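In what follows, a structure is listed as structure tokens, so that the remarks can point back to it.
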Amino acid sequence: MALSIEDIKKIAHLARIEVSESEATATLSKLTGILGLIEQMQAVDTTGIVPMSHAQELHQRLRDDVVTKTNQREAFQKNAPMLGNGSTQPAVAGGLYLVPKVIE
Amino acid sequence: MINSSLKQLASMLQAKKISSVELTQSFLTRITQYNPSINAYIALDEGKTLAQAKAADVRIAAGNATALTGIPLAQKDIFCAQGWQTTCGSKMLANFIAPYDAHVITQFDQAGAVNLGKTNMDEFAMGSSNETSYFGGVKNPWSFDHVPGGSSGGSAAAVAARLCAAATGTDTGGSIRQPASLCGLTGLKPSYGVVSRYGMIAFASSLDQAGPMAKSAEDCALMMNVMAGFDERDSTSLQRDKEDYSRELNKPQTDQPLLGLKIGLPKEFFAEGLDASVAQVITAAIDVYKKLGAQIIDISLPNTGLSIPVYYVLAPAEASSNLSRYDGVRYGHRAAEYTDLNDMYNKSRAEGFGAEVKRRILIGTYVLSAGYYDAYYLKAQQIRRLIAQDFIEAFKQCDVIMGPAAPSTAFKAGEKVDDPVAMYLQDIYTISTNLAGLPGMSLPAGFAQAKDGPALPVGLQIIGNYFDEARMLNVAHQYQQVTDWHQQMPDLKRA
Numbered sequence: 818m819a820l821s822i823e824d825i826k827k828i829a830h831l832a833r834i835e836v837s838e839s840e841a842t843a844t845l846s847k848l849t850g851i852l853g854l855i856e857q858m859q860a861v862d863t864t865g866i867v868p869m870s871h872a873q874e875l876h877q878r879l880r881d882d883v884v885t886k887t888n889q890r891e892a893f894q895k896n897a898p899m900l901g902n903g904s905t906q907p908a909v910a911g912g913l914y915l916v917p918k919v920i921e
Numbered sequence: 105m106i107n108s109s110l111k112q113l114a115s116m117l118q119a120k121k122i123s124s125v126e127l128t129q130s131f132l133t134r135i136t137q138y139n140p141s142i143n144a145y146i147a148l149d150e151g152k153t154l155a156q157a158k159a160a161d162v163r164i165a166a167g168n169a170t171a172l173t174g175i176p177l178a179q180k181d182i183f184c185a186q187g188w189q190t191t192c193g194s195k196m197l198a199n200f201i202a203p204y205d206a207h208v209i210t211q212f213d214q215a216g217a218v219n220l221g222k223t224n225m226d227e228f229a230m231g232s233s234n235e236t237s238y239f240g241g242v243k244n245p246w247s248f249d250h251v252p253g254g255s256s257g258g259s260a261a262a263v264a265a266r267l268c269a270a271a272t273g274t275d276t277g278g279s280i281r282q283p284a285s286l287c288g289l290t291g292l293k294p295s296y297g298v299v300s301r302y303g304m305i306a307f308a309s310s311l312d313q314a315g316p317m318a319k320s321a322e323d324c325a326l327m328m329n330v331m332a333g334f335d336e337r338d339s340t341s342l343q344r345d346k347e348d349y350s351r352e353l354n355k356p357q358t359d360q361p362l363l364g365l366k367i368g369l370p371k372e373f374f375a376e377g378l379d380a381s382v383a384q385v386i387t388a389a390i391d392v393y394k395k396l397g398a399q400i401i402d403i404s405l406p407n408t409g410l411s412i413p414v415y416y417v418l419a420p421a422e423a424s425s426n427l428s429r430y431d432g433v434r435y436g437h438r439a440a441e442y443t444d445l446n447d448m449y450n451k452s453r454a455e456g457f458g459a460e461v462k463r464r465i466l467i468g469t470y471v472l473s474a475g476y477y478d479a480y481y482l483k484a485q486q487i488r489r490l491i492a493q494d495f496i497e498a499f500k501q502c503d504v505i506m507g508p509a510a511p512s513t514a515f516k517a518g519e520k521v522d523d524p525v526a527m528y529l530q531d532i533y534t535i536s537t538n539l540a541g542l543p544g545m546s547l548p549a550g551f552a553q554a555k556d557g558p559a560l561p562v563g564l565q566i567i568g569n570y571f572d573e574a575r576m577l578n579v580a581h582q583y584q585q586v587t588d589w590h591q592q593m594p595d596l597k598r599a
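If you're matching them up, the sequences are chains X and Y in order.
Taken in order, the first sequence gives residues 818 to 921; the numbers are from the working numbering.
Taken in order, the second sequence gives residues 105 to 599; the numbers are from the working numbering.
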């Protein structure tokens, strides 16, 4: 199936990656090439074949219901990004992460 | 000394002929001298490294050293190592300091190995030339005009240039074996589930597997003894008994140590697309195996050609999900300017990811999007089973499979960087083993003259049945007893 510029913009929106007009055009030609490669699959008759989702037939293990992790909030928050929009402070306050307001 | 095996280094350390601090210092000196041109390392921390070396010397003096105590290793920058910059080759994680250790790092720490630094790699392990790294490409130590392969290109170059005693890599579609082939070293991708993925930054979780990259099969076996084993923190880690991967290496040496071994040669691995000079080297290596007593059997893996299309549905699909965690909220890159939350996500991800990573996220998003799931994702999973069944059939006829690890020797930097499809074809001989979950390795088998340049290394690939790593390592080791390709070193002053 041929992709259009609109498709690229829609996929980029779903993936939350901003693309400019010129990036969308460049991406279109690359993705069209890759999808051309992928299309080779359509020649194969896969009727009745059970999909293989994983390299090993695994079932999820259960572990004992005990506490194994300790709170490391301070250590983890050292990796917080800068707040941005003019502030070079880390995007944390009172042990929470700061993001733009989503509820008015 | 820089060309010594891990076993030789361990005996020098234990006999106190050299201290770990001295050995480590000699590698650090080489790194200072050559890394600025090769760019194999992203992060170095001499203080941390020498502290580990000092601790190793204390441990050796106390008489409780392991096979790797005091030996300086390089770690691919995909493994979290507490207190170390851990970037996965991406701008997204350029400032990320890992707050905990990956299982693999813990295992090496407990063995007393010394961490020399974090090695360069394709961004998020997506690439076959190391050119997608945010921290710049890596030079192939055999020729600085050529790529080292990828994604574990920094580890491969570090081992080849003797900027470490051995290194770790990860392999999702060939990322250990292809760079090992292009740089002339021995690399093993174990069966899926043998090495814990805990703390290893995820690309495609059903395919990712860590393994050793070293000078010889014997060194790989010693690395595997430390890396492999059950870890409850990885839900796909297999509950198997601890193995000694070197157990098969030391069988009594005879004229025909591999007598009775059945080697399958898949015709698809020698078809169009394989460079003639590479084919010549592989054929010569197979002749050596005949002399060692092996029997050659022609086999077929009919769905080999489909492994690339299948991989480029499944790996991007898994990646698009795994990489959704990078949103600029808690760690990683956040855009400097944004209006609302969605704008913050969109800009942070647009700025933090490089072009190839974005392409794969977009492909993955597309194949999983409404209306396309059955045509792409489900179809790819069905063909994945056909590919795995090809191997199951083949292993009814043979013990190991051999062929080239890559279709050509190292290519020139810049040659394929604008053509993703040409780059993807680099992994034609390696991807199918990841899809099946089988172990695969590459070992140096000689050199081929590049079209317009120097003689460059060629890797022989060995694919084994599930959990047959010890046998594969022996099959490689026996070849390395009668050849010296694995001991050859590049001349860095001329490269």
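Where is the CB? At the ideal position from N, CA and C, for every residue including glycine.
Here the structure is a predicted model, which is why all the values come from computation and not from measurement.
At least three beta-carbon pairs within less than 8 Å, the segment 506-521 of chain Y to the segment 560-573 of chain Y: Look at the beta carbons and you see the segment 506-521 of chain Y touching the segment 560-573 of chain Y: at least three pairs across the two are nearer than 8 Å.
Rounded separation between Thr276(Y) and Ser233(Y) - CA only: Inter-residue distance for Thr276(Y) and Ser233(Y) is about 14 Å (C-alpha atoms, whole angstroms).
Against chain Y, which members of the segment 833-852 of chain X pass a CB distance test of less than 8 Å? For chain Y, the residues of the segment 833-852 of chain X that bring a beta carbon within less than 8 Å of one of its beta carbons are Arg833, Ile834, Glu835, Val836, Thr844, Lys847, Leu848, Gly850, Ile851 and Leu852, in chain order.
Taking any Cβ of chain Y, which residues in the segment 860-892 of chain X have a Cβ under 8 Å from it, in chain order? Listed in sequence order: Val861, Thr863, Ile866, Val867, Pro868, Met869, Ser870, His871, Ala872, Gln873, Leu875, Gln877, Arg878, Arg880, Gln889 and Ala892.
Measure from the C-beta of Thr469(Y) to each C-beta in chain X and report whether the shortest distance is under 8 Å. The beta carbon of Thr469(Y) sits closer than 8 Å to some beta carbon of chain X.
Let me make sure I understand the geometry here. Which of Asn896(X), Thr905(X), Ser904(X) and Gly911(X) has the alpha-carbon closest to that of Val433(Y)? For the residues Asn896(X), Thr905(X), Ser904(X) and Gly911(X), the minimum Cα distance to Val433(Y) belongs to Asn896(X).
Would a check of beta-carbon distances place Leu831(X) closer than 8 Å to chain Y? At a cut-off of 8 Å, the C-beta of Leu831(X) has a neighbouring C-beta in chain Y.
So for Ile535(Y), helix, strand or coil by DSSP? Helix at Ile535(Y).
Per DSSP, Leu177(Y) forms a beta bridge with which residues? Looking at the DSSP output, Leu177(Y) bridges to Asn219(Y) and Ala270(Y).
Reference Ile467(Y); option with closest CA among Pro420(Y), Ile491(Y), Tyr480(Y) and Pro245(Y): With distances taken between CA atoms, Ile467(Y) lies nearest to Pro420(Y) out of Pro420(Y), Ile491(Y), Tyr480(Y) and Pro245(Y).
Integer Cβ distance of Leu177(Y) from Val218(Y), believed to fall under 8 Å: About 7 Å separates the two Cβ atoms, so the contact holds.
Please report the residue range of the alpha helix (DSSP H) in which Pro524(Y) lies. Its alpha helix (DSSP H) spans residues Pro524 to Tyr528.
Given a cut-off of 8 Å, decide if Pro252(Y) and Leu220(Y) are closer than it, judged by their beta-carbon atoms. Result no, Cβ atoms of Leu220(Y) and Pro252(Y) do not sit closer than 8 Å.
Option in Pro361(Y), Met317(Y), Arg438(Y) and Gly368(Y) with minimal Cα separation from Gln282(Y): Taking the Cα of Gln282(Y) as reference, the smallest distance to any Cα among Pro361(Y), Met317(Y), Arg438(Y) and Gly368(Y) is reached at Met317(Y).
Quick one: give me the first and last residue of the beta strand (DSSP E) that Val504(Y) is part of. Per DSSP, the continuous beta strand (DSSP E) segment holding Val504(Y) begins and ends at Val504 to Pro508.
Name the DSSP beta bridge partners of Phe183(Y), please? Partner(s): Met304(Y).
Which residues in the same chain as Tyr430(Y) place their Cβ atom closer than 6 Å to its Cβ, once the five residues preceding and following it in sequence are excluded? The residues are Met196 and Gly436.
Spell out the partners DSSP gives Met899(X) in its beta bridges. The partner list for Met899(X) (beta bridge, DSSP) reads Pro907(X).
Can you tell me where the beta strand (DSSP E) holding Ala147(Y) begins and where it ends? From DSSP, the beta strand (DSSP E) with Ala147(Y) extends over Tyr145 to Leu148.
Where Tyr302(Y) and Asp556(Y) are concerned, what is the direct C-alpha to C-alpha distance, given to the nearest angstrom? About 43 Å.
With H, G and I counted as helix, E and B as strand and the rest as coil, what does DSSP make of Val919(X)? Collapsing the DSSP output to three states places Val919(X) in coil.
Does any CB atom of chain Y fall closer than 8 Å to the CB of Pro898(X)? The beta carbon of Pro898(X) falls within 8 Å of a beta carbon belonging to chain Y, placing the residue at that interface.
To the nearest angstrom, report how far apart Met448(Y) and Gln889(X) are at their CA atoms. Their backbone Cα atoms lie some 26 Å apart in a straight line.
Gly760(X) (DSSP reduced to helix, strand or coil): No information on residue 760(X) is available, as it lies outside the stretch 818 to 921 that chain X covers here.
Which residues in the same chain have their Cβ closer than 7 Å to the Cβ of Ser404(Y), if we skip the five residues on either side of it in sequence? If we look at Ser404(Y) and ignore the five residues flanking it on each side, its Cβ neighbours are Pro370, Lys371 and Glu372.
What in chain X is Cβ-close to Ser424(Y), meaning under 8 Å? Ala832, listed in chain order.
Cβ neighbours of Ala908(X) in the same chain (closer than 7 Å, five flanking residues each side left out): Correct list, in chain order: Ala897, Pro898, Met899, Leu900, Tyr914 and Leu915.
Within 10 Å of its beta-carbon, does Arg602(Y) have 16 or more other beta-carbons around it, so buried, or fewer, so exposed? Because chain Y is modelled from 105 through 599, residue 602(Y) falls outside the range shown and cannot be assessed.
Between which two residues does the beta strand (DSSP E) carrying Thr290(Y) extend? It spans Thr290 to Lys293 - the beta strand (DSSP E) in which Thr290(Y) sits, taken as one unbroken run.
Are the C-beta atoms of Ala908(X) and some chain Y residue less than 8 Å apart? Chain Y contact via Cβ: present.
I'd like the span of the alpha helix (DSSP H) that includes Ser424(Y), first residue to last. Counting along the chain, the alpha helix (DSSP H) containing Ser424(Y) begins and ends at Ser411 to Asn426.
Taking only beta-carbon positions, decide if Met448(Y) is within less than 8 Å of chain C. Of the chains in the structure shown, none is chain C; the protein chains are X and Y.
Looking at the unbroken alpha helix (DSSP H) that takes in Lys551(Y), where does it start and where does it end? In the sequence as presented, Lys is not what sits at residue 551(Y); that position holds Phe. Phe551(Y): not part of any alpha helix (DSSP H); member of the beta strand (DSSP E) spanning Gly544 to Gln553, first to last residue.
Gln485(Y) versus chain X: which residues are under 8 Å apart at the beta carbon? The contacting residues are Pro868, Met869 and Ser870.
Cα-Cα separation between Leu132(Y) and Phe228(Y), rounded to whole angstroms: Leu132(Y) and Phe228(Y) have their C-alpha atoms roughly 26 Å apart.
Assuming Gly589(Y) and Ala549(Y) are in contact, meaning their beta carbons sit under 8 Å apart, how far apart are those beta carbons, in whole angstroms? A small fix is needed here, since residue 589(Y) is Trp in this sequence, not Gly. Contact holds; Cβ gap of about 6 Å.
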